[in-house]
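> Every position in the sequence shown, counted from 1, becomes a number in this note's numbering once 547 is added. Just so you know, even glycine gets a beta-carbon here, dropped at the ideal spot from N, CA and C. For clarity, every value in this text was computed on a predicted model and none was experimentally measured.
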Amino acid sequence: MNLVRLMYASRMAKGVDPDGLTRILDASKRNNAALGVTGVLCYSPAGFLQVLEGPPEAVNELYRRIVRDRRNEEATLLAYAETSRRRFPEWSMAYFRGDGIDRALLRGLTSEKAFDPMAMTAAEALRFLTAVATERRRFLQQSAGDE
Ligand SMILES: Cc1cc2nc3c(=O)[nH]c(=O)nc-3n(C[C@H](O)[C@H](O)[C@H](O)COP(=O)(O)O)c2cc1C
Numbered sequence: 548m549n550l551v552r553l554m555y556a557s558r559m560a561k562g563v564d565p566d567g568l569t570r571i572l573d574a575s576k577r578n579n580a581a582l583g584v585t586g587v588l589c590y591s592p593a594g595f596l597q598v599l600e601g602p603p604e605a606v607n608e609l610y611r612r613i614v615r616d617r618r619n620e621e622a623t624l625l626a627y628a629e630t631s632r633r634r635f636p637e638w639s640m641a642y643f644r645g646d647g648i649d650r651a652l653l654r655g656l657t658s659e660k661a662f663d664p665m666a667m668t669a670a671e672a673l674r675f676l677t678a679v680a681t682e683r684r685r686f687l688q689q690s691a692g693d694e
């Protein structure tokens, strides 16, 4: 299947509260599942980092919608490329709090000391998202093993 991967960073608009974030995630999970889009959304006070993977029409249309969404601003495209396989196939939209991410995980992944998506290069962003996804998978596997 023809797939693309899109990554962008943006800042949260003033006045958006934690409830706003929950609404974004609920809409993302619902819509993305129907569109065949998967990905990860990270948020910290410094901003959003999101990766979207799926059919090009769906990803492009979704990105246009997100750029128009007033809950974020300064959307900055980090990468857009065709790909033969998804890196984040299991999540319609996984969510991570960037400021809760282990410092040890951050070290070596970005040139910044704190999670600041707007300061990341495309390569750093993909390494970072891949690393947090690997951590999440490990955690989920452990939890399943504990049962
Ligand atoms: C940072 C950010 C990320 C978003 N990511 C998604 C997404 O992955 N999927 C999605 O459907 N909407 C996403 N949205 C919300 C859309 O802009 C839009 O509000 C939503 O798709 C409308 O869905 P609805 O018509 O079902 O309510 C995002 C919004 C923001 C601010």
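1) Between N607 and ligand 1, is there a pair consisting of the residue's CB and a ligand heavy atom that are separated by less than 7 Å?
2) Chain B beta carbons: is any one of them nearer than 8 Å to that of A670?
3) Would you list the residues sitting across from L596 in a DSSP beta bridge?
4) What I want to know is whether the C-beta of L596 ends up closer than 7 Å to one or more non-hydrogen atoms of ligand 1.
5) If you follow the beta strand (DSSP E) that A661 is in, where does it begin and where does it stop?
6) Cβ of D566 versus every heavy atom of ligand 1: is any distance shorter than 7 Å?
7) Within 7 Å: the Cβ of S557 and any heavy atom of ligand 1?
8) In the DSSP output, which residue or residues are listed as bridge partners for A628?
9) Taking the straight line between their C-alpha atoms, what separation do you get for L676 and V587?
10) Pull the bridge partners of G601 from the DSSP assignment, please.
For this structure:
1) For the purposes of this step, residue 607 is taken as residue 60 along the sequence shown, with counting starting at 1. Flag unset: Cβ of N607 not near ligand 1.
2) Although the question refers to chain B, the structure presented lacks it and comprises just one protein chain.
3) Residue mapping note: residue 596 aligns to position 49 of the sequence shown, counting from 1. In the DSSP assignment, L596 forms a beta bridge with A556, C589.
4) Locating residue 596 in the sequence shown gives position 49, where the first residue counts as 1. No, the beta carbon of L596 sits no closer than 7 Å to any heavy atom of ligand 1.
5) Residue 661 sits at position 114 when you count from the first residue of the sequence shown. Per DSSP, A661 belongs to no beta strand (DSSP E) and is neither H nor E.
6) Walking along the sequence shown from the start, residue 566 turns up at place 19. Checking every heavy atom of ligand 1 against the Cβ of D566, none is found closer than 7 Å.
7) If you number the sequence shown from 1, residue 557 lands on position 10. Checking every heavy atom of ligand 1 against the Cβ of S557, one is found closer than 7 Å.
8) If you number the sequence shown from 1, residue 628 lands on position 81. Under the DSSP definition of a beta bridge, A628 partners with R552.
9) Residue numbering aside, residue 676 sits at position 129 when the sequence shown is read from its first letter. Residue numbering aside, residue 587 sits at position 40 when the sequence shown is read from its first letter. Rounded to whole angstroms, L676 to V587 spans 7 Å at the Cα level.
10) For the purposes of this step, residue 601 is taken as the residue at position 54 of the sequence shown. According to DSSP, which records beta bridges pairwise, G601 is partnered with V551.
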